[in-house]
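Here's the structure, in structure tokens; my notes come after.
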Amino acid sequence: MRKIHLKSCQKVILMAVVMLCSLSSLYAQVGQTVTGVVKDTEGEPLIGVSVLEIGTSNGAITNLDGQYTLTLTKNKSVLAFSYIGYTKQEISVSGRKSIIVVMKEDAVGLQEVIVTGYGKTVTKDKLTAAISKVSSEVLERGVRANPLTALAGTVTGVRVTQTSGQPGTGPSIQVRAGASLDGKGSPLYIIDGVQKDDMNDINSNDIASIEILKDAAATALYGARANNGVVLVTTKSGHVGKTTITLNVNVGKGFARDNYNFLNARDYLYWERMAANRSGDDLNLVNGWGTGNDITADGNQTASGIYSTTILTDKNKYLLDYGWQSMKDPVTDNYLLFKETNMRDLNMQDAWTQDYNISFSGGNEKGKYYSSIGYYDETGFPLESGYERLSFNLNGEYKIKNWLKASGFVNFSRSETNPNYMSDANFWSVVPAVPPTFKGANMDGTVIKLINNTQNANWNEMKNYYYRRNTAYKTTLGTSFQIDLMKGLSLKMSGMWYLHMVEKESFNKELPNGPGKVDSNRKASADYARRLDQTYNAILNYNASFGNHNISAVGGFEMIDKYNFGLKASGQGATSDDFIGLQFTEPLDANGKSTRNMSTTHTQERIMSGFINASYDYKSKYLFSFSGRYDGYSKLVDNRWGFFPGVSAAWNVYREEFMEKYLDIFSNMKLRMGYGQNGNVNGIGLYELQGSYANAGNYNGVYGLLINDIAYPGLRWEKTTSFDAAIELGLFNKVDLSAGYFNKKTTDLIADVPLSASSGVGSMKTNNGAVRSQGMELEVNYRIFDRKDFKWNVGANITFVKSKVLKLPDNGNENNRQGGTEVYKGKGSNETVWRGGTQEGQSYGDIYGFKMTHVVRDEADLANYAYYVDKVPSQPVYGPAAYAQLTVEQQRNAQQLAPGDAVWYDVNGDGIIDTHDQVKLGNSIPKWMGGFNTSASWKGLTLFARFDYALGYKKWNSGYQYFMGITSGSFNVPELAKETWTEDNPTAGLPVLMTNDTNFKKNYTRSTSLFWENAAYLCAREISLSYDLPSQWTKKAMMEKVTVTLTGQNLFYVTSNNLYTPEYDSANNTKDDGKGGYALPKTVLMGIKVVF
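With mature numbering (1 follows the signal peptide of the UniProt record, and there is no 0) as the guide, the letters of the sequence shown map in order to residues -27 to -1, 1 to 1065.
This is the structure we're talking about:
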């Protein structure tokens, strides 16, 4: 893989050095110096306690031994000591030079600071909305190319699925089932105030916290873009005190999962030749896939043969001395000679992960800074595939005047992906499924190409014919000025710029394309995309207290401008494989037609907004909050502006006087409730509603235009209205419990409505649809032990979600059904109804298919199905008595039921299986999801484990159907073949194995209960063991803290299904599990973290 050179980033790094040097002036110290130690009630030092001189920005942080040093800036100073989970203390200095502080535990977590948006924060105690927080401590465990992977099983109501292990790919995330018909939809990502499409290139080590805004009371502040939830990311910033240097190094190895557990060569020959024999195949016919059907097929008897299978003779038995094997042919009396090749080993490499990060942070009463550089490299399993990223981050703030503060940041990343030219499905199912009798290499060691076409190839050889490179550059800049207008009131004006550039290059060398054929087109292409997002806002922030009344408000205006430019070019006909650039392609082909194509695109969108959030509380008991946002979006025409409000309230019951005598039991008790609205226009293009034309081509020298999109200026926002209620309890200062209910209704869904063919346009967008999602969330955390030398915590969460379609576009069908399956009503009735698909009043994702009830065991068992008829195959299947009643002509177009065949459930009991004899097999959307974790520490040794799960749904295993029924005889088959019916195993649970079942009785090749599998799973997502070296050791080496770790990620699944990855989440509810794919690897990592 091409490495990233620091030279390409030298300007950014040089700027960082200059800024860091300039910040050295921040260390001028004046006034009296106070030192001390902060401890807990058991005498243990507390690390990271904030020490602040009240009335100033002057402060410090306690070190590993709980020690602090602070130079005061004024007389009669009062110091505030605060730490998450402990009661805040304010202590007057009164001339003392040393102050020892003992902090007492508060109701755990109530003083945790939560980011709600646009710089506003509240303590958890005063939170009125559904917001979950993930701290940096969670993110720092293990290695993450994408920080969102840390959310799996961690946050209630949030489902994180990563169905591809390809380096550089990110997970998908749904918050409370989204707001669309299929329960999907990505949330809005806001990183330090800047909207991003994803978090693929964010360095996890730079993140201070992630807040997930789940209900409309919280997301209303982001209005039209937030109906699928909001993910707020706050990166790390500097701290007051001496410079802290942190070095993180992690190295690990990935282990590939066996997607289908294919047969070895000996079993492959046995089962495939038996299947071919049962199917009536002439084993003397030429078959190029190495089943031994013809000993001379593909030149098996020659040195150039690509398959090894042949008949053992005296002339070739010498090959047994070179690793070849022999076996008795299960069909004939011959002995077969063959060589075994493991296609996975031939086409795969070791997958290593490396992650290096170093950061610097510090500051004083005038300013603070944070800077980091990170390098991440992950090798993929397919040869020459991988992902590499270099990242840089710098932020700082400086107090220019007592009333004026400036801040700024720059974030840069350069990532390069070397993708496999084949899709995940082809590499991970087709390549390993090539018959294991493929020779792999000739006797002289030359690699055999195995190219029937470019999809069924030996990647070990094919990689030499393809060049692919994808490079992305992402730069984010931001600057702001904060003016203190008066006590409690400030104005912050910010400008942020996000530049995203992508370069893609590809070139196909001259390559073989089947026996004796060569593709010499030498196709080349180059894509370039540039995106510039500009965000400008002015925000007023107000905080005040009047006795027991507390007010906090934030409001402002925001403008977002997004401009995209794209350039695509392609050509072919280079004269040499050494010339990969487009300039070397031939402009004209042999017929005088251009071989080159070029196109450019320019798009722009804008959002103008005004927003406000105001909060009020009385004695921290009774809490109220209101949010509202007024958005205008350039995508819409007549209805560009929309208002999205949100209100919430909470009651801290535990603060009431009547609860004082119960505080030893109830350390926390809160009731909260919220209601609000959000919008969405993601379902439409930037200019779609204005109408558009497309090039109609050239006719007799005249160019024309065609209508591409019909103008529909009246389209409105999708609106999601949600209600949320919850109770939070703290018991005995040990147990934290939260239980909640949510109900979301989305109306004015943007949907495509089909148009008549005469319109010249297939469909147009309208507002015509509604869906409701509701569910419950439960989270429990229990501190089992919290002693000086031993601590043990456990936590668990579970979410239940159910969705229902409320309205669809009128189409004349019952319940305005879209798609679905026509099935019989029940026994004794030939009346049919439509089920499944998408219908009003029904849940999305219902699955219908044929239910297998039995496998015919033997001739005696066959008599029980004498009059059985199956009309689903192209040639109907008849039981013996039913077949005997057919005419000779009818029998020519019929098949006889035989031992080993499947018997299907007859819904209406008429004795005939047809397409209406399908039943509900389940639902493809998970009903339950969640996770649990545990952490135990003893004298510096910490064990952490995190699991996540999903329950109550099914997924289609098209891969197993593909290999067992469709391509049998062409590819290898899974070990599942050994569980099929044979004369020696008549009680097997699976039907007989045939070649190309599609052309026979469709025992496998129909939508059935055989392959709609229970998709429930439990994943051991992360298990880590860490050790903090004793401080007396590290201090001798001038290090504050050293932690070594051993971590395993995605270690195992507990599941009953055979999917290539149990957490696969297909784009639809029909039959698609991707036919195999890049399963998440099991990864074992070793790491060290050093703090100086």
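Backbone N, C-alpha and C define an ideal beta-carbon position, used for all residues, glycine too.
- request: Could you have a look at residue 654 and say whether DSSP puts it in helix, strand or coil?
  value: coil
- request: Could you tell me the distance, in whole angstroms, from the CA atom of residue 1013 to the CA atom of residue 1007?
  value: If you draw a straight line from the Cα of residue 1013 to the Cα of residue 1007, it comes to about 6 angstroms.
field: Rounded Cβ spacing between residue 980 and residue 822 (contact assumed at less than 8 angstroms)
entry: 4 angstroms
message: In the DSSP output, which residue or residues are listed as bridge partners for residue 126?
response: None; residue 126 has no bridge partner.
Which residues DSSP lists as bridging residue 514, in chain order: 463 and 527
task: State the start and end residues of the unbroken alpha helix (DSSP H) segment that holds residue 320.
output: 316 to 320
message: Using C-beta distances below 6 angstroms, list every residue in its chain close to residue 756, excluding the 5 sequence neighbours before and after it, in chain order.
response: 707 and 766
message: At the level of alpha carbons, what is the spacing between residue 326 and residue 227?
response: 7 angstroms
message: Taking the alpha-carbon of residue 498 as reference, which of 442, 525, 491 and 535 has the nearest alpha-carbon?
response: Looking at the Cα atoms, 442 is the closest of the given residues.
field: Cβ shell of residue 895 (< 6 angstroms), same chain only, five flanking positions each side left out
entry: 820 and 927
- prompt: Can you tell which of 494, 14 and 36 has its C-alpha closest to the C-alpha of residue 20?
  reply: 36
message: Out of 460, 140, 400 and 564, which one is the CA nearest neighbour of residue 362?
response: 140
message: Can you check which of these residues, 123, 633 and 494, is closest to residue 144 by C-alpha distance?
response: Of 123, 633 and 494, the residue nearest in Cα terms is 123.
message: So within the region 142 to 170, which uninterrupted beta strand (DSSP E) runs reach at least 3 residues, ignoring any that extend past its ends?
response: 145 to 148, 161 to 164 and 167 to 169
field: residue 1004 versus 994, 997, 620 and 1016, residue with shortest Cα-Cα distance
entry: Residue 1016 holds the alpha-carbon nearest to the alpha-carbon of residue 1004 among 994, 997, 620 and 1016.
query: What does residue 903 pair with, by DSSP beta-bridge criteria?
result: 771 and 922
message: Going by DSSP in three states, residue 218 sits in which element: helix, strand or coil?
response: In the structure shown, residue 218 adopts extended strand secondary structure according to DSSP, grouped into three states.
task: Excluding the 5 residues preceding and the 5 following residue 973 in the sequence, name in chain order all residues of the same chain whose CB lies nearer than 6 angstroms to its CB.
output: Around residue 973, the same chain offers 967 as residues with beta carbons nearer than 6 angstroms, after the five sequence neighbours per side are excluded.
- prompt: Do you know offhand how far residue 1053's Cα is from residue 1036's?
  reply: 10 angstroms
- request: Taking all protein chains shown into account, decide if residue 1041 is buried (16 or more other Cβ within 10 angstroms of its Cβ) or exposed.
  value: Caution applies to residue 1041, whose pLDDT of 42 falls short of 50 and renders its modelled position unreliable; the model cannot decide the point.
field: Minimum C-alpha distance to residue 389 - residue among 329, 383, 476 and 4
entry: 476
Reduced DSSP category for residue 1065 - H, G, I as helix; E, B as strand; rest coil: coil
message: Residues in the same chain with beta-carbon distance under 6 angstroms from residue 697, minus the five sequence neighbours each way, listed in chain order, please.
response: Exclusion of the five residues before and after residue 697 leaves 103, 188, 647 and 715 as the residues of its chain whose Cβ lies within less than 6 angstroms of its Cβ.
- prompt: residue 456: buried (16+ other C-beta within 10 angstroms of its C-beta) or exposed?
  reply: exposed
- request: Report the rounded CA-to-CA distance for residue 452 versus residue 333, giving the unit in angstroms.
  value: 20 angstroms
field: Alpha-carbon spacing of residue 863 relative to residue 841, whole angstroms
entry: Near 16 angstroms, if we compare the C-alpha coordinates of residue 841 and residue 863.
- request: Would you please state the rounded distance, in angstroms, between the beta carbons of residue 197 and residue 617? I believe it to be under 8 angstroms.
  value: 6 angstroms
- prompt: Of all the options 523, 521, 533 and 57, which has the alpha carbon lying nearest to the alpha carbon of residue 511?
  reply: For the residues 523, 521, 533 and 57, the minimum Cα distance to residue 511 belongs to 533.
query: Which residue's Cα is closest to the Cα of residue 977: 812, 899, 845 and 861?
result: 845
message: On the DSSP letters alone, give me the boundaries of the beta strand (DSSP E) that residue 298 sits inside.
response: 298 to 301
query: Residues in its own chain within less than 6 angstroms of residue 1023 by CB, not counting five upstream and five downstream?
result: For residue 1023, where only same-chain residues beyond five positions count, the Cβ hits under 6 angstroms are 1053 and 1055.
- prompt: So what does residue 869 bridge to, in DSSP terms?
  reply: 851
message: Below 8 angstroms on the Cβ atoms is my contact criterion, and I expect residue 541 with residue 518 to pass it. Report the Cβ-Cβ distance as a whole number of Å.
response: Contact doesn't hold; Cβ gap of about 59 angstroms is too wide.
task: Might you give, ordered along the chain, the residues of its own chain that have their beta carbon closer than 6 angstroms to the beta carbon of residue 371, omitting 5 neighbours on each side?
output: 340 and 379
query: Given a threshold of 16 other Cβ atoms within 10 Å of its Cβ, counted over all protein chains shown, does residue 690 qualify as buried or as exposed?
result: buried
query: How long is the line joining the alpha carbons of residue 1064 and residue 392, rounded to whole angstroms?
result: 36 angstroms
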